[in-house]
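Working notes for the structure below.
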Amino acid sequence: MSERVSSVDTTSEQNERLLGFADAVFAIAMTFIALDLGDIPENLGQAGGASVADYVAESARGYGVYFATFLIVAFLWWRHHLIFRYIKRSSPGLVWLNIGMLALVAALPYPAQLLGESDGSALALVVLLVPLILIGVFLWLQWELALKQQLTIPELPSGTIKYVRSQLLNSPLTLGVAAALAAIGWETQSSFAYRLSLGMWLVLVLVAMVLRRIWPVPEQATEILVDSDADGWSAAADIDEQEAQQVRSVLARIRNGSDTDRIKVLTDGVAAIAVTILALQLRPPSASDVTNEAILDNLSEVPWSNYLTTFILISVFWMAHVRIFRRVLGADTVLLWLNLFFLMFVSFLPTTSALQSAAEVPETVVIYFLAMFFTSVSLNAIGVYAVYGRRLSVAAASEVDGIVSLFRSISLSAGFLLVAGIVWVTQNDVWASTIYIAVILNGRLGRAFAGIVLARRHRKSVAGISN
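In this note's numbering, the protein residues as written are 40 to 506.
This is the structure we're talking about:
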């Protein structure tokens, strides 16, 4: 019996659970990096306590480490996503290499927190870089093992093999140089070597771009028919052009694209973990003797409103993401990275929520809504690029649904920014509650706006016919 194997497909029957496990670990690591970004003082923003501005300034290093580490982990997930577009079979060796890599991925929140809390320690940077280097090595070993054991798509073009190999070797070699510079900075107490080491994170991206010129991205996806009943894969003469016709019609418009299965799994995982982390704000009394009075006091002090508001808003983002990816069937590199930036902001939302719960003052409310704004804008970018640009969309929305979705996206982002601006100018956090109105009425106002737009178009068309 013949089956089609293609680099368009990001999962395969033999590797489905392995990839699901890997995506779950990556999602947890991405989200947990932001879990411990410094303890929030109990009297933050109150008389006699630290000011919000001072606390944010002290935590700036930790926030910077979070965003930088998230992007590095996202880069490594991207490489994992790349190799398993071509690896379609499994073996015990491949599974164990994957498990070794994931053990390091899961442990990344520890060195990230260590670097964030250190005062520019070169040793802490080395501790973070070492597991990142090893993750890159494990990815390269998985690729080489898959080639040796013939676990990849048969007759894989040599250009594709060289392209993937070069991209995989980039991270361990570039980050290896960064680790060497950080080690020099640690031994010699050289701040210059330390800064050079930090700069290598940017070099990682530049080297990847250079390598793409030397070993270019494959011009198209690799696809072949194989005999699935045989012990080894053998190529068939013809390719069934009718299978996956919708996805191929999208991928014909982009270069060497893939489906969106793993993007959706990773997104669902990060969103689920983010809303679950929010519940960490709901802490019971810490006293050893918990009396009824202590329980009642605790129930009144727990930030229920902030927890539910953030949970609902993250859910709104997730539902919008679901709506977008109902119509988007293909993904290219730009879409993948737009989605990773969206997840970076989603993972950061529990941190801003905890900050607002600790001190509900205008400054923390502004930070909270600015985080919501950037999350909303990054989600809008996905929709505009994939759907409204009609690059990756197959299932076109109706005209009304398209206008409503666009209105929802723009109005919600504008609402977050407007509330942040009003709270900052008036120094009154009561205005934050107006965001509920925007969320509740967003859909109805969008449909009303769509009706007005379509009515105007209809009148113009009638006027044109009559003239």
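Cβ atoms here follow ideal geometry from the backbone N, Cα and C, with glycine treated the same way.
Treat the numbers as computed from the prediction; the structure is a model and nothing was measured.
In terms of DSSP beta bridges, what is residue i paired with?
{"i": "S297", "result": "A370"}
{"i": "T191", "result": "I126"}
According to the Cβ coordinates, are residue i and residue j closer than 7 Å?
{"i": "V373", "j": "A425", "result": "no"}
{"i": "V91", "j": "G155", "result": "no"}
{"i": "S130", "j": "Q188", "result": "yes"}
{"i": "N345", "j": "S396", "result": "yes"}
{"i": "A89", "j": "P80", "result": "yes"}
{"i": "I363", "j": "G422", "result": "yes"}
{"i": "L83", "j": "A410", "result": "no"}
{"i": "F177", "j": "L110", "result": "no"}
{"i": "F106", "j": "L58", "result": "no"}
{"i": "V405", "j": "W463", "result": "yes"}
{"i": "V458", "j": "F408", "result": "yes"}
{"i": "I192", "j": "K127", "result": "yes"}
{"i": "V64", "j": "A146", "result": "no"}
{"i": "L241", "j": "L220", "result": "no"}
{"i": "L168", "j": "A113", "result": "no"}
{"i": "T299", "j": "A370", "result": "yes"}
{"i": "V166", "j": "L153", "result": "yes"}
{"i": "I316", "j": "P211", "result": "no"}
{"i": "S205", "j": "L237", "result": "no"}
Who are the near neighbours of residue i in its chain, counting only those whose CB is closer than 7 Å to its CB and skipping five residues on each side?
{"i": "I312", "result": "A66, I67 and T70"}
{"i": "S452", "result": "F412, S415, V416 and N419"}
{"i": "L513", "result": "Any question about residue 513 goes unanswered here, given that the chain covers just 40 to 506."}
{"i": "L133", "result": "Q181, L184, A185 and L190"}
{"i": "D62", "result": "R301, V304, L305 and G308"}
{"i": "S157", "result": "A163"}
{"i": "L208", "result": "W179"}
{"i": "N378", "result": "I302, T306 and I421"}
{"i": "V246", "result": "N209 and T213"}
{"i": "A310", "result": "I353, W357 and V385"}
{"i": "T391", "result": "I406, Y407 and A410"}
{"i": "Q281", "result": "Because the pLDDT at Q281 is just 42, under 50, the model does not fix this residue reliably, and the point stays unresolved."}
Within 10 angstroms of its Cβ, does residue i collect 16 or more other Cβ (buried), or is it exposed?
{"i": "S273", "result": "Residue placement at S273 is flagged as unreliable, the pLDDT there being 45, under the threshold of 50; the coordinate-derived value follows with that caveat. Result: exposed."}
{"i": "P323", "result": "exposed"}
{"i": "D336", "result": "exposed"}
{"i": "R118", "result": "buried"}
{"i": "A359", "result": "buried"}
{"i": "M239", "result": "buried"}
{"i": "F231", "result": "exposed"}
{"i": "T473", "result": "exposed"}
{"i": "N331", "result": "exposed"}
{"i": "S325", "result": "exposed"}
{"i": "V469", "result": "exposed"}
{"i": "D48", "result": "buried"}
{"i": "R447", "result": "buried"}
{"i": "A276", "result": "Note that A276 has pLDDT 36, beneath the 50 cutoff, so the model's placement of it is unreliable and the number below is only indicative. So A276 counts as exposed."}
{"i": "E340", "result": "exposed"}
{"i": "L338", "result": "exposed"}
{"i": "A151", "result": "buried"}
{"i": "D279", "result": "Annotation note: pLDDT 40 at D279 (below 50); position unreliable, no value reported."}
{"i": "A435", "result": "Confidence at A435 is low in this model, with a pLDDT of 49, below 50, so its placement is unreliable and the value that follows should be read with caution. So A435 counts as exposed."}
{"i": "A471", "result": "buried"}
Tell me where the alpha helix (DSSP H) around residue i begins and ends.
{"i": "T213", "result": "S197 to T227"}
{"i": "V104", "result": "V91 to I122"}
{"i": "R128", "result": "It is not in any alpha helix (DSSP H) - R128 carries neither H nor E in the DSSP assignment."}
{"i": "D62", "result": "E55 to F71"}
{"i": "R234", "result": "S230 to I253"}
{"i": "A333", "result": "N331 to E340"}
{"i": "S415", "result": "P401 to G422"}
{"i": "L154", "result": "P148 to E156"}
So, at 6 Å on beta carbons, what are the nonlocal neighbours of residue i in its own chain, with the 5 sequence-adjacent residues on each side left out?
{"i": "L143", "result": "P170, L173 and I174"}
{"i": "V314", "result": "F350 and I353"}
{"i": "T50", "result": "L58 and D300"}
{"i": "G215", "result": "I172"}
For residue i, which residues from the same chain have a beta carbon less than 8 Å from its beta carbon, with the 5 sequence-adjacent residues on both sides left out?
{"i": "W343", "result": "L321"}
{"i": "G198", "result": "W254, P255 and P257"}
{"i": "P148", "result": "A68, F71, I72, L74 and D75"}
{"i": "L375", "result": "W117, H120 and I302"}
{"i": "Q53", "result": "K127, R128 and S129"}
Following a CB-centred definition, is residue i positioned closer than 6 Å to any heavy atom of the ligand MN?
{"i": "V469", "result": "This structure does not include the ligand MN; it has no bound ligands of any sort."}
Could you confirm whether any beta carbon from chain C is found closer than 7 Å to the beta carbon of residue i?
{"i": "S448", "result": "Checking the listed chains, one finds no chain C in this structure; it contains a single protein chain."}
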